[in-house]
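Just add 266 to wherever you are in the sequence shown, counting from 1, and you've got this note's numbering. Quick reminder that beta carbons are idealized off the backbone N, C-alpha and C, glycines included. Below is one structure, written out as structure tokens; comments come after it.
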Amino acid sequence: MKLTIDNLAGAGPIDYTTVVSSAAPLSIERTLNAPSICSFILAQCGATLPAPSRNARLVVTGDQGACLFTGYLAIEPALQYAGAGIAGPVYQLAVSAVSDEFLLDKQNLPQTNGTAGQSVSTVFRSLTSRVGAALLNLDTSLQTLNAGHFVPNPGEKWSQNAGALASTARAAYRFMAGTVSVTPVGAVAHPLNEFDGSLKVAALTASRARMLANDVTVCGQAEPTAYVTELFQGDGATALFELTQEPYIPRSASQIKPLKDNFQASVVNPLIWSLNDSSSAISITSNGLTVNGGNGIDGQTTIATIDQFEIGGSLIIETDGVLLGSGGTGTLCGLYAGSGSTLSTCLAGFHVRQLGGSTVIAPILNGVEVGTTYTPAPGELYTLRLRLHCSEVQRVMQSYQGVAAGALSTFGGAQLPCLANVVIELQDVTAGANGAVTVLYDGPVSSAPAACTFMPLNSLTLAASIRNATISQTGSAWVVSQPLGGAVVTRRIGPVTNGSQCKVQRNGKLRFYPGSIPAAGELITVTYRTSGRAVARLSSAASIAAETRAAMPGISRWTGSVVRPAARSSADCENAALAMLSFTADRNAAWQGVYTAYNLQNGSDVWPGDVLAVASPSAGVTTSLVVRSVRVDLRSGVPETAKYTIQFANDWAEELSMKLSAAVPSDAWIPPLAHAGVAVLANLLSLTTGVVSGASIPISVGMNAPVGGGFEVRRSDWAFRPGNDPDLVLRSPVPNFTIPREGTVEQYYIRMYDASMPPLYSRFSSAIFVNI
């Protein structure tokens, strides 16, 4: 082997091979989706060669030219006492180097709410571009694989986040010779057959590490559950209303405030934004983000978030301290579907254009101007604000990878369609005084994309500046009201400082601010989601039948939680359970062990993420084994000798695409029965109420029931079943029906059911709470 070290002192790479101590081998430890470590001892270094310095570049190659390791010395070599010489004590240097990830691990990632609905390739590129400009070599199959919702951990290094991302895609990353390569696990196979001599049976140690599991219960995070519509009536004085249940509101800081930038750095922050500015029109000045012109082409002078944001729950997107110069055209504070950047792909935003010699601001919805235009005053500062609400908080489902009998399957990854409500408004904030809010548009959007890119600035020829940009997630609540004889209007939720009219607290209190208290007789409608624990229990009927023996049941249960990819809903838990069953019920997925070989560097070098295609009938091992780690020990000698110690483990022996935990949350309700598959009916997202009277509550479901099925109304949730009991209010075969009033305060839960026996129901209820 050959060892060269460049101490970055101008001398270039220096050959240190001759001073590598023979007392211990030079070892290279490769681990799946983690940095590689190279360790060795240098003797007699200092008299003839300089001692390696911190940050020195290190390369190890084989005698035949195979590159075995490239990396850096993260710390100075350690001095080890080697004995006494004529001139006094003699020391040797213990050197430990880390692979090229060292360059990217020197910076932490920013705190974000993650990215949603993008491919694994796209997320890997954005993750890497945030901390460096390393070359990327991505397998084409990863360009179509949905990463679901991925949240980098700001407290972890690039290698830890990259390893987590690669693992969830059942892929392996490798950083060598300045290039990051990412390929699916098993893309490289090493045939080992005992009959042709390629497998040394004596060098193989293998065992099945775990019992199979064919009845799996998976717990996830807290999730939004029932879709509640709650009605109140104002009396002209009451400002505080008690919701019947506590609304679902995210708790982590990254969820509540996924983006905030005050534009106070000297340049645009590359950890948050992607800058497209061929004409050099965008800069950071004392006024914040500043643009002077552009190339006149829509979508070519932009600043956009690196991440896509999930359009779910209640969002507030705003650009504050907006100052418009004279003339110019462009779009500000815009949400763009997917990778779009032109006006036609703008879900919502503010179009700035010229009209009759004056600058006007027009609200944009789905690429078209809507609502009312506004003429800003010269020199005035404004906040441009978008408020969006979707009844679905989670729009992008997680993707889970499962493998059985060598076939890879993806479970989940879908994007949920959903209607949205949008308020487009602006507020004069000149001289730090928050003026009145001007609503330019308040209404629905028929189809909102599951995820969008936020562009605070898209300039054709604009002259403008923006002091800060913020995205906030306020939870799942949305409030509208209708005065007697008036029209329905949205009541703005949020802090009073941004022109909001009310706030919805975690403890279930709706509080209106002074000046916004509902008038006497005014009908208040609050829509929100309740909270529960995501959980699912599924089983494999085929495995249970195959494992059943005389006087011995074939059921083998596993109960725990999926940590990564995070299961944000019961639907995610179901997809995770399906992925698990694809390998937990397969005995070949439980293999683990060690294989030892020599001088593989001269042929097909082995890396973590490769598979050993073992055919050993005598040992009872005929399957593909996933390589988890490789230790290469090199000693000086002729011919070269490199000992490979390969540790392997398949998906059930050691989790690969999912990180699991045996912990079960204390608030999890474990289903008493396992289902053979996912079987639920659609939730009633379009359910509305008519005019509530003292005698009845008219209901319109907005969809037809399955043949032989209908809509079941009950007084409590989680009690839906066939037959009659005191909890049942009524069943209706048609989508329009009336619930009789029974009191001033009432609670009703509605789900759809079908004609099967027992019937299938909607996953969650649509609830009607009346306080009139």
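{"query": "C311 (DSSP reduced to helix, strand or coil)", "result": "coil"}
{"query": "Start and end residues, beta strand (DSSP E) containing M846", "result": "Looking at the DSSP string, M846 is not in any beta strand (DSSP E); the run it does join, the alpha helix (DSSP H), is S836 to T850."}
{"query": "Ranges of the alpha helix (DSSP H) found wholly within the segment 466-544, counting only runs of at least 4", "result": "519-522"}
{"query": "C-beta contact flag for L994 and G968 at 9 angstroms", "result": "no"}
{"query": "Burial state of Q913 (16 or more Cβ within 10 Å)", "result": "buried"}
{"query": "Test item: CB-CB of G414 and A382 under 9 angstroms", "result": "yes"}
{"query": "N-terminal and C-terminal residue of the alpha helix (DSSP H) that V754 is part of", "result": "Segment: none, V754 is in no alpha helix (DSSP H) and carries neither H nor E."}
{"query": "Beta-carbon contacts of P629 that lie in its chain and below 6 angstroms, excluding the five residues immediately before and after", "result": "V636, G637, I690, L706 and Y707"}
{"query": "Cβ-Cβ distance between I582 and L652 below 9 angstroms", "result": "yes"}
{"query": "Beta-carbon proximity list for G974, same chain, < 8 angstroms, skipping 5 on both sides", "result": "D1020 and A1021"}
{"query": "Helix, strand or coil at Q359 [DSSP, three-state]", "result": "For the sequence presented, residue 359 should be read as Leu rather than Gln. Strand."}
{"query": "Alpha-carbon to alpha-carbon, F441 and L401", "result": "9 angstroms"}
{"query": "Nearest residue (CA-CA) to S962, options S546, F1003, I1016 and G562", "result": "F1003"}
{"query": "Which of helix, strand or coil DSSP assigns to W824", "result": "strand"}
{"query": "Cβ-Cβ distance between N459 and S884 below 9 angstroms", "result": "no"}
{"query": "The segment 883-901 / the segment 924-938 touching (three or more Cβ pairs under 8 angstroms)", "result": "no"}
{"query": "Which of helix, strand or coil DSSP assigns to T410", "result": "coil"}
{"query": "From G633, V792 and S592, residue whose alpha carbon lies closest to that of E646", "result": "S592"}
{"query": "Range covered by the alpha helix (DSSP H) that runs through L274", "result": "Here L274 belongs to no alpha helix (DSSP H), and DSSP marks it neither H nor E."}
{"query": "Sub-9 angstroms separation of Q1013 and I1038 beta-carbons", "result": "no"}
{"query": "Selected residue, minimal CA-CA separation from R619, among S806, S822 and T597", "result": "T597"}
{"query": "Completely contained alpha helix (DSSP H) runs for the segment 643-670, where each covers 4 or more residues", "result": "none"}
{"query": "Distance between beta carbons of S657 and G679, contact taken as under 8 angstroms", "result": "In fact, because the Cβ distance is near 21 angstroms, the residues do not count as touching under 8 angstroms."}
{"query": "Extent of the continuous beta strand (DSSP E) to which W744 belongs", "result": "W744 to Q748"}
{"query": "Cβ pair count under 8 angstroms reaching 3, the segment 783-801 against the segment 435-451", "result": "no"}
{"query": "Host alpha helix (DSSP H) of L369 (start-end)", "result": "E367 to L370"}
{"query": "Assigned secondary structure, Q739 (DSSP; H/G/I helix, E/B strand, else coil)", "result": "strand"}
{"query": "W824 vs A475 beta-carbon contact at 9 angstroms", "result": "no"}
{"query": "In chain order, each beta strand (DSSP E) run of at least 3 residues that lies wholly inside the segment 903-934", "result": "907-915 and 925-927"}
{"query": "Host alpha helix (DSSP H) of L431 (start-end)", "result": "W424 to T434"}
{"query": "Inter-residue spacing [alpha-carbon to alpha-carbon] between P999 and P1025", "result": "14 angstroms"}
{"query": "Proximal residues to N427 (C-beta, below 7 angstroms), its chain only, five neighbours per side dropped", "result": "L375, L393, P418 and N419"}
{"query": "Identified DSSP bridge partners for C768", "result": "I759 and F778"}
{"query": "Whole-angstrom distance between A432 and I1005, CA atom to CA atom", "result": "52 angstroms"}
{"query": "Beta-bridge partners of W857, as assigned by DSSP", "result": "R474"}
{"query": "Closest Cα partner of K268 within the set P279, G698 and A275", "result": "P279"}
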